[in-house]
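Going by the working numbering, the first residue of the sequence shown is number 665, and it counts up by one from there. Just so it is clear, CB atoms sit at the ideal spot from N, CA and C, and this is done for glycine as well.
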Amino acid sequence: MPKITNPGSVSGLSRRTVLKAAGAGAALATMSGLPTRLLAADPLKVAAVYTVPVEQQWVSRIHKAANEARDRGDIEYTFSENTSNNDYERVMREYCEAGHKLILGEVFGVEDAARAVARDYPDVAFLMGSSFKPDESVPNFSPFDNYIQDASYLSGIIAGAMSKTKNIGMVGGYPIPEVNRLMHAFMAGVKQTAPDTKFQIAFIGSWFDPPKAKETAFAQIDAGADLLYAERFGVSDAAKERNVLAVGNVIDTQSDYPDTVVASALWHFEPTLEKAVAEVKAGTFKAEDYGVYSFMKNGGCSLAPLGTFEGKVPAEVMEKVAEAEKAIKDGTLTVEINDSEPKSN
């Protein structure tokens, strides 16, 4: 059963709790099946449904942005974690019935069910992680994704320079678009400083299985990799134990691996959430692709500070990174979005 974390309760919600109902002034009326305007001062009732623990990289960034918005008073926020695909639709419906007006989550394994829920609750806005595009027949459902290929490209430039064997291991969860595009962007960056690099690519078939990711990474190290792309938790642990380097993805874990994680591509969900909250409050939320708010030019991603590796990455490489970052932000460099499954070479 999923775990829901929040104060308050609503009778009839088995083993789940939700925020106390907002005052009448915060309630949203409906018009033409879409939310109408909410007073800017009123916090929006937001709920999130996660299939993994909130500590998991990808979900942690959504959770972080939502908590910050809650702390500012922009939203009320509750969430469930470890929700199984079989339970996902039911939890979504419970949140809708409890009066939440914006539902967040990741529906990669429950796409049809999630959109069916959105059709049944036209006065609720749904902002969901998805590999698919908006559908005008579901005007209150907008997909987002972590399009952080820009930052991944920059981390690859550094990785190519820091690998001595020019053999890099890459461990991902599943070969789906939001993973594939980041791997491709990383490899493109590597080729800017080490064009002859060999890539070992593996997928563990799970979003959260650190032991399996670690064992897969060990195998890549045994096959000659001296730097690992840590798309999943567990990879950096293998790198630390075997004294090789790692590049992080989505979050910055260098404080946990100060001698291992040389760089990280960070995802910032704040621009995505802020846009959605503003649209819901204004009564203008509609089906559109929110993926663009993860682009670097929109503040949705960045390269983490080098921290303990400051001065260890050659200056000329960091100059190349700075030039590429400037070009990405001013539009003169567009990092390719390649959603096809990457292969070892």
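Contact check for residue 739 and residue 768: beta-carbon distance about 10 angstroms, past the 8 angstroms limit, so the pair fails to qualify. Minimum Cα-Cα distance from residue 1006 among the listed residues 829, 828, 851 and 720 corresponds to 851.
Here residue 930 is not near residue 920, since their CB atoms are 9 angstroms or more apart. Of the other Cβ atoms in all chains shown, 16 or more fall within 10 Å of the Cβ of residue 810; this residue is therefore buried. Contact annotation: the stretch 845 to 860 does not touch the stretch 944 to 964, with fewer than three C-beta pairs closer than 8 angstroms. Distance from the Cα of residue 918 is smallest, within the candidate group 934, 932, 897 and 830, for 897. Contact between the stretch 790 to 810 and the stretch 818 to 826 is absent: fewer than 3 CB-CB pairs across the two stretches fall below 8 angstroms. Pairwise C-beta distances place the stretch 727 to 737 out of contact with the stretch 899 to 907, as fewer than three of them are shorter than 8 angstroms. Within 10 angstroms of the beta-carbon of residue 742 lie 16 or more other beta-carbons, which makes it buried.
The stretch 990 to 1003 and the stretch 823 to 833 do not touch, with fewer than 3 CB-CB distances between them shorter than 8 angstroms.
For residue 825, the enclosing alpha helix (DSSP H) stretches over residues 813 to 826.
In the three-state scheme derived from DSSP, where H, G and I count as helix and E and B as strand, residue 708 is classed as strand. According to DSSP, residue 834 shares a beta bridge with 865 and 893. With respect to residue 960, residue 776 sits apart: the two C-beta atoms are not nearer than 9 angstroms.
Under the DSSP assignment, residue 913 falls in the beta strand (DSSP E) whose first and last residues are 909 to 914. Using a Cβ distance threshold of 9 angstroms, residue 791 and residue 711 do not count as a contacting pair. Bounds of the alpha helix (DSSP H) holding residue 937 are 934 to 946.
Between residue 894 and residue 941, the C-beta gap is not smaller than 9 angstroms, which leaves the two residues out of contact.
Every beta strand (DSSP E) of 3 residues or more that sits fully in the stretch 707 to 772 is shown, in chain order, as 708 to 713, 739 to 745 and 766 to 770. Apart from the 5 residues on each side of it in sequence, residue 854 sits with its Cβ closer than 6 angstroms to the Cβ of 820, 823, 824 and 861 in its chain, given in chain order. For residue 851, the enclosing alpha helix (DSSP H) stretches over residues 841 to 857.
Rounded to the nearest angstrom, the gap between the Cα atoms of residue 787 and residue 914 is 32 angstroms.
In summary, residue 976 is exposed, with fewer than 16 beta-carbon neighbours lying within 10 Å of its beta-carbon over all protein chains present. The C-beta distance from residue 899 to residue 892 rounds to 5 angstroms, short enough to fall under 8 angstroms. Assigned with DSSP and collapsed to three states, residue 875 falls in helix. Burial is judged here by how many other beta carbons sit within 10 angstroms of a residue's own beta carbon; residue 869 has fewer than 16 and is exposed. One thing to note: residue 856 has its Cβ no nearer than 9 angstroms to the Cβ of residue 832. Runs of alpha helix (DSSP H) with 4 or more residues, each lying fully within the stretch 967 to 1009, are found at 979 to 994, listed in chain order. According to the DSSP assignment, residue 951 belongs to no alpha helix (DSSP H), since it is labelled neither H nor E. When DSSP states are grouped into helix, strand and coil, residue 882 belongs to the helix group. Listed as beta-bridge partners of residue 792 by DSSP are 769 and 807. Rounded to whole angstroms, residue 784 and residue 888 show a C-alpha spacing of 53 angstroms. DSSP, read as helix, strand or coil, puts residue 887 in coil.
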